[in-house]
Each structure stands twice: as structure tokens, then as C-alpha cells.
Amino acid sequence: MKRRVWAAASAAMMATTAFGAQAVLADKYPNGQVKVFNWGEYIDEDLIDEFEDEYGIEVIYDTFDTNEAMYPRVEADPSLYDVICPSDYMIEKMIQNDVLQEIDWDQITNKENIGEVYLKSCEGFDPGNKYCVPYTFGTVGILYNKELVDEDAVIDSWDVLWDETYKNDIIMQDSVRDAFMISLKRLGYSCNTTDEDELNEAYTIDEVRDKMINGAAAIGVIYSGEYLYCQEENEDLEYVIPKEGTNIWYDGWVIPKYAKNPVAASYFINFMCRPDIALRNMDFCGYVSS
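If you're matching positions, the sequence shown starts at 2 in our numbering and goes up one per residue.
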């Protein structure tokens, strides 16, 4: 009998504690919460605290390491997150598969701070700029260590990735799309080709940054924003865009079709587009803001 009384009292205490915690959260975050799904190390997390304080919205923040790891989670449950930051080609796929809702541009009052050239470029994968608010852009290039390549080596071509001199001393990004892009550009084809013969000919990953800094490899394929951080940590590192060319990629904010708090999502996106916030964030992550 005593056990039952104690159990009942314990349950009541837990319920009261939980209710109290919810009340505290409700006081601190009267406007609910927004669930954000973003790349790792892609936002100054101090800005998240500022957003929470300014808007009274709690941010639940998760990260992913590749577009391909992100997409299945969102496709399986389009209500799981309110804001996501995919890359251009994945945004195009998400639009085609009807897992996104249109952006309410009336809520994005800081749209005027987004360069027209970037909005125009994004129409290549998001016609009419209906589903994506541009976040950052960059290039893919070669990062090499001046102390680990041959003294007279000229690193200016994707060909160096096939140079037997550097066998087992090259690091690639974990990106199927970028691997194809490199091979296609080296062969003189468009990185957006749909020609089956060209793709077959080209067919042949964020450990790159840390390994290059530590001198664990001579050459690595890396994104432009990572180079700035790498050179700060190791002055022997240089970045080059190969003469055959590369791709310019865009990442952008999107809202899943069944997001539970699309209004809060719009507030978050608008906050990230504010000039002072974008500048601080660009300084943190190294990528150029759109």
C-alpha cells in the first residue's frame, strides 16, 4: 500500500515538475520553437542565442554533413524541421518532389539585402525564386601544401588529382556531385551534362580541412570558404581554381511543405538576412553571404 502511495506521489511530483519546466519555457519562449537543420559549423551559434532573445522563439538546431544524408530524413517526414539549408541541386530535387512550401517573401523584409545577381543565379534551380532564400555561395577548388608538393610543381589543373606522384596523398570531399564535376571539367564537358556517354566517361571526402592543416596530405579538394580557415591555421596552404574551370554552388534556406511553424521559420530566415548578422556569420564560417 505504501509503495502505491509513494508511486502516486512520485508521479504527481514528476508531472508538477514537468509542468513547471514547460511554464518556464513558455515564459522564455512565448512564440514557440523553430527547428533548424543545417550543415555543421555553418552558423555562428551566438546568433542563435540572439535570435531566441529577440524573437522569443526557441531554436532546436540539428546538423548534417551531406545533402544525401539530409534528404531522406526530410522526405520521410516533411514536418520534422521548419528551416533547412540544402545546396542548389538538392533544392531543385526537393522542389520537383514537392516537399517544400513557397517562401512568403512578404515576411522576408531583408530581401533587399540579397544581391540581385544571386537571386538571378538561383533561378537556375528555383525558377521565380519561389522556394529558396539564398544563404551563401562558393567554389570548389584544389588546396595544396607548398611544402609537400614538388618544388617546381605547377598546381593549376584537375589533372594533378591523377598524378601518380601524389598517389595516396590526395583527399576528396564526400560529395558525389563534386567528384563528377571535377572529372567532367577535366574532360572538357559541362558539369551539368545529362549526356549518358559523357557521364559514363567521367565516372570514376570534412576530413579534408583538418588533414590538410595537419600536413597529412599534399593535395585536397575543398570548398572555398574552408580555404580561409585552413590558411589561417597553416600558412603553407594555397587554394587554386583549376584552369579547366569549376562550379559555383549556392546554399539556401527552404521551408518544408509541412513545417509546423513556418512563421517562425520566416522570422529566422529574415534574421539571417540582416546585414549585421550576415556579416558576423560570414566572418565566422568563412563563406560569402548572398
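Note that the Cβ used here is the ideal one computed from N, Cα and C, for glycine as well.
Residue i beta carbon near the ligand FMN (any heavy atom closer than 8 Å)
| i | result |
| --- | --- |
| I172 | Looking at this structure, you won't find the ligand FMN or any other ligand, since it has none at all. |
CB of residue i within 9 Å of CB of residue j, strictly
| i | j | result |
| --- | --- | --- |
| C286 | E42 | yes |
| I220 | I183 | no |
| C231 | L162 | no |
| A260 | Y82 | yes |
| P257 | V100 | yes |
| E227 | R210 | yes |
| I92 | D66 | no |
| I214 | S122 | no |
| Y288 | G142 | no |
| K186 | P243 | yes |
Rounded C-alpha distance that separates residue i from residue j
| i | j | result |
| --- | --- | --- |
| Q97 | E76 | 12 Å |
| M283 | I270 | 15 Å |
| C192 | G216 | 30 Å |
| I156 | A218 | 15 Å |
| T247 | D179 | 9 Å |
| A278 | I44 | A small correction: the amino acid at residue 278 is Ile; Ala does not occupy that position in the sequence shown. Cα to Cα, the separation comes out at about 10 Å. |
| T205 | V177 | Its pLDDT being 48, under 50, T205 is placed unreliably by the model, and the measurement read from it follows with that caveat. Whole-angstrom Cα-Cα distance: 10 Å. |
| I298 | S225 | Because the chain in this structure spans residues 2 to 291, residue 298 falls outside the shown range and cannot be described. |
| T166 | K94 | 39 Å |
| M71 | F272 | 23 Å |
| D63 | V37 | 6 Å |
| D105 | Y268 | 11 Å |
| N201 | P31 | 55 Å |
| Y90 | E124 | 12 Å |
| P73 | A154 | 43 Å |
| V150 | N68 | 32 Å |
| L188 | S158 | 11 Å |
| D107 | E245 | 41 Å |
Of the listed residues the options, nearest to residue i (C-alpha basis)
| i | options | result |
| --- | --- | --- |
| D175 | E202, L200, I223, A279 | I223 |
| E59 | Y190, Y119, L48 | L48 |
| T140 | L229, V264, Y30 | L229 |
| A265 | R281, I61, E46, D160 | I61 |
| S80 | Q102, P87, S88 | Q102 |
| N39 | E234, K147, P87 | P87 |
| Y132 | L280, S290, P263 | P263 |
Min CB distance residue i to chain B below 9 Å
| i | result |
| --- | --- |
| Y82 | Looking at the structure shown, chain B is missing, and only one protein chain is on hand. |
Residue ranges of each alpha helix (DSSP H) within the segment 54-102, 4 or longer: 68-77, 89-97
Residue ranges of each beta strand (DSSP E) within the segment 208-234, 3 or longer: 220-224
At least three beta-carbon pairs within less than 8 Å, the segment 194-202 to the segment 101-120: no
Any 3 or more C-beta pairs closer than 8 Å across the segment 241-256 and the segment 118-136: yes
Inside the segment 109-148 only - beta strand (DSSP E) runs reaching at least 3 residues: 134-146
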